[in-house]
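Quick notes on the structure that follows.
Residue numbers (the working numbering): 68 to 359.
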């Protein structure tokens, strides 16, 4: 069935080129959903993912999704899939240490914060900090993801929810078939557990979790987007950018994008297309100094 790496971004707002740079440098061939579509709200990425899972992915394949404008890769796809298979659940979400996104004035009262319990026979090591769902990253069986997303879209007042609230409903109802990456073996969600909490430290060009000691292949800056540029400047791949040919390769790596009615393939897009100034920024003396 293979592995499909997916993200959603309707435009170049935020930090999508940092994410694409990290994907190209880590060898992750990621497909962009929704690029160029008008932005109406957070549920439209779930709509696009349902169409993709239904029409473009074999039921026995694996889908990896990460948010597009606030994440960085620091590991390859095989590392991510190996960690997912060791966890052993049909669908695994990234985890954070707070219960966020319960802000809708009429529907939030129907939701509770499900905190994944600690138990002795866990198929993965567990850290007590990361026990709440974050919907900005997940990996799982495509057939099961299709079933979950179809269920989500049938929820009452679906369009009034955000994706995190919707996925929390499914997680609560389907646990343990839906579980969390409790040990940061795939994702690091950077939203702080307490004031001043950074979660990670730099370790020779990667970021290692201070508590689990893992190097999560994906770092998700949920709620902390301002950190992305400074963290990207320290990652291992920036050290290779002394060679002009490597710079050109990264900014001209083509990424397939799908959009429009029926989520059709529209072509490819590059960092140079999305962020025309990006190559000059990487060539600048400041960028060289940061990545030295």
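Each residue gets a CB set at the ideal place from its N, CA and C atoms; glycine is no exception.
Pairwise C-alpha distance: residue j and residue i
| i | j | result |
| --- | --- | --- |
| residue 333 | residue 322 | 11 Å |
| residue 109 | residue 135 | 12 Å |
| residue 142 | residue 157 | 22 Å |
| residue 87 | residue 340 | 12 Å |
| residue 121 | residue 75 | 17 Å |
| residue 238 | residue 244 | 8 Å |
| residue 328 | residue 199 | 34 Å |
| residue 330 | residue 115 | 7 Å |
| residue 226 | residue 271 | 44 Å |
| residue 317 | residue 144 | 17 Å |
| residue 253 | residue 117 | 22 Å |
| residue 249 | residue 236 | 19 Å |
| residue 82 | residue 351 | 18 Å |
| residue 297 | residue 291 | 12 Å |
| residue 175 | residue 78 | The predicted position of residue 175 is uncertain, since its pLDDT is 46 and thus under 50; no value can be drawn from it. |
| residue 217 | residue 267 | 36 Å |
| residue 398 | residue 140 | The requested residue 398 is not part of the displayed model; the chain covers only 68 to 359. |
| residue 222 | residue 153 | 31 Å |
| residue 311 | residue 348 | 13 Å |
Cβ shell of residue i (< 6 Å), same chain only, five flanking positions each side left out
| i | result |
| --- | --- |
| residue 205 | 132 and 160 |
| residue 326 | 101, 102, 103, 104 and 333 |
| residue 260 | 164 and 196 |
| residue 170 | Annotation note: pLDDT 48 at residue 170 (below 50); position unreliable, no value reported. |
| residue 94 | 143 |
| residue 288 | 137, 257, 294 and 295 |
Own chain, CB closer than 7 Å to residue i, minus 5 neighbours either side, in chain order
| i | result |
| --- | --- |
| residue 124 | 71, 130 and 209 |
| residue 202 | 160, 230, 231 and 234 |
| residue 119 | 73, 100 and 330 |
| residue 26 | Not covered by the structure: residue 26. The range shown for the chain is 68 to 359. |
Under 9 Å between C-beta atoms of residue i and residue j
| i | j | result |
| --- | --- | --- |
| residue 345 | residue 336 | no |
| residue 295 | residue 255 | no |
| residue 338 | residue 84 | yes |
| residue 215 | residue 241 | yes |
| residue 113 | residue 265 | no |
| residue 91 | residue 320 | yes |
| residue 89 | residue 258 | no |
| residue 68 | residue 127 | yes |
| residue 247 | residue 274 | no |
Residues bridged to residue i (per DSSP)
| i | result |
| --- | --- |
| residue 161 | 201 |
| residue 246 | 159 |
| residue 280 | DSSP, once it has assigned bridges, lists no residue as partnering residue 280. |
| residue 325 | 100 and 332 |
| residue 74 | 99 and 133 |
| residue 318 | Paired residue(s): none; residue 318 is not in a bridge. |
| residue 348 | None, per the DSSP bridge assignment. |
| residue 285 | 140 and 254 |
| residue 268 | 275 |
Spatial neighbours of residue i in its chain, beta-carbon cut-off 8 Å, leaving aside the 5 residues before and after
| i | result |
| --- | --- |
| residue 80 | 136 |
Exercise for review: Quick one: which unbroken alpha helix (DSSP H) runs of 4-plus residues sit fully inside the segment 188 to 240? Chain order, please.
Suggested key: Entirely contained in the segment 188 to 240, the alpha helix (DSSP H) runs reaching 4 residues are, in chain order, 209 to 220.
Check your understanding: In chain order, which beta strand (DSSP E) runs of at least 3 residues are fully inside the segment 95 to 154?
Key -> Fully enclosed beta strand (DSSP E) runs of no fewer than 3 residues occupy 97 to 100, 129 to 134 and 138 to 140 of the segment 95 to 154, in order along the chain.
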